[in-house]
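So the structure is just underneath, and the comments pick up after that.
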Amino acid sequence: MSLLAIETTCDETAAAIISPERKILSSVVASQDELHARWRGVVPEIASRAHVERIIPIIDQATHEAGIQKSQIKAVAVAIRPGLIGSLLIGLSAAKAIASSLRVPLIGYDHLAAHLYACRLAFGEELRYPAIGLVASGGHTSLFQLHSPITLQALGSTIDDAVGEAFDKVASMLGLGYPGGPQIEKLAEHGNPHSRRFPRPLANDFSRLDFSFSGLKTAVRYQIWPPGDQHARTLTDEERADLAAAFQQAAVESVVAKVGLAIQKTGCRVVAVGGGVTANKALRSALEDLGKRHRATILIPPTELCTDNAAMGAIAWEHIDR
Ligand code: KG4
Ligand code: ZN
240 MSLLAIETTC
250 DETAAAIISP
260 ERKILSSVVA
270 SQDELHARWR
280 GVVPEIASRA
290 HVERIIPIID
300 QATHEAGIQK
310 SQIKAVAVAI
320 RPGLIGSLLI
330 GLSAAKAIAS
340 SLRVPLIGYD
350 HLAAHLYACR
360 LAFGEELRYP
370 AIGLVASGGH
380 TSLFQLHSPI
390 TLQALGSTID
400 DAVGEAFDKV
410 ASMLGLGYPG
420 GPQIEKLAEH
430 GNPHSRRFPR
440 PLANDFSRLD
450 FSFSGLKTAV
460 RYQIWPPGDQ
470 HARTLTDEER
480 ADLAAAFQQA
490 AVESVVAKVG
500 LAIQKTGCRV
510 VAVGGGVTAN
520 KALRSALEDL
530 GKRHRATILI
540 PPTELCTDNA
550 AMGAIAWEHI
560 DR
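Going letter by letter, the sequence shown gives residues 240 to 561 in this note's numbering.
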């Protein structure tokens, strides 16, 4: 008997089959990157329409790859918040229809809690509670204290843009495609992170665990198109790589500073991380260094469990088993 999990919070249509032992029997993700690339960001209406077309084939593929019949599905789980409202509705409608036709329970789960539950899938009992949780994605940059897989206490979050949004917009300014994070990461490999120093807003404010990225975004823009100038500057390849590297350095340090502060403030020595931006190698290695400095265990899932997927919907077993 298995769980069918469905995930359509943003621009990935995903379905997974997970056993009660939390074994991922299949995990299928259909990315819509190519549909949104020309807009350099997710267009909600395009996302919703693509989910409608893809959701049933993706669910069929997930059951097929898991080698199970629909009659073996014991419960249906679906991410119900937070996300784009149109996208969420498609996943929820599909989940409701399947649960009702199979006469099995329907469980709605929180997408951010699920991002952190990916650590439970990857590391099992190494994720001890209470722990600190960091979600860094295209829509969120948030810190939590986790008292259990499904009990999250907010410690802080971004007061403006998410860090992934900053990666995507800086990529757009540099003429790179969408999603921008992986492309900035690649370009940054050839650049000098110390070529210039971008601001790290709020990073030195030890009174709060909030983040801010909009000023960093603007600072990059002013380097490319100085205020008052008629035109944007024409950048050399070296300058573009340096800008990408210096931006990434500032973004990574801004995130890591607050994780360090959260460890100090809470005394928790276990940190679970998740969300698309935690696929970034510079961030992963900076978090590992932070862990060594604070003698904390930093749990970073494999990249396919960092970006949006439905396997993390395994969190629904925690609701069922309760
Ligand atoms: O978690 P996710 O797949 O979807 C949301 O819930 O938002 O995160 C997507 C975000 C995008 O902003 C994307 O540019 C960013 O994660 N991202 C990265 C990397 N891979 C994905 N950012 C930096 N470096 C990466 N390697
Ligand atoms: Zn996400």
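We treat Cβ as the ideally placed atom computed from N, Cα and C, and that holds for glycine.
About 5 angstroms separates the CB atoms of Ile256 and Ser265; that is less than 8 angstroms, so the two are in contact.
Ala442 has its alpha-carbon roughly 12 angstroms from the corresponding atom of Leu455.
By the Cβ rule, the region 477-484 counts as touching the region 417-435, because three or more pairs are nearer than 8 angstroms.
Within the same chain, Cβ atoms closer than 7 angstroms to the Cβ of Gly347 are found at Val317 and Ile319, the five residues on either side in sequence being excluded.
For Glu251, the distance from the CB to the nearest heavy atom of the ligand KG4 is below 8 angstroms. Just so you know, the alpha carbons of His386 and Tyr368 end up roughly 6 angstroms apart. For Tyr356, the enclosing alpha helix (DSSP H) stretches over residues His350 to Phe362.
A check of alpha carbon separations from Arg472 across Gly515, Gln422 and Met412 identifies Met412 as the nearest.
Fewer than three beta-carbon pairs drawn from the region 462-472 and the region 517-535 are found closer than 8 angstroms, and the two stretches are therefore not classed as touching. At least one heavy atom of the ligand ZN lies less than 8 angstroms from the C-beta of His354.
In the pairwise beta carbon analysis, the region 398-405 is classified as not touching the region 359-368: fewer than three pairs are separated by under 8 angstroms. Secondary structure remark: continuous beta strand (DSSP E) runs of at least 3 residues inside the region 382-426, in chain order: 390-396.
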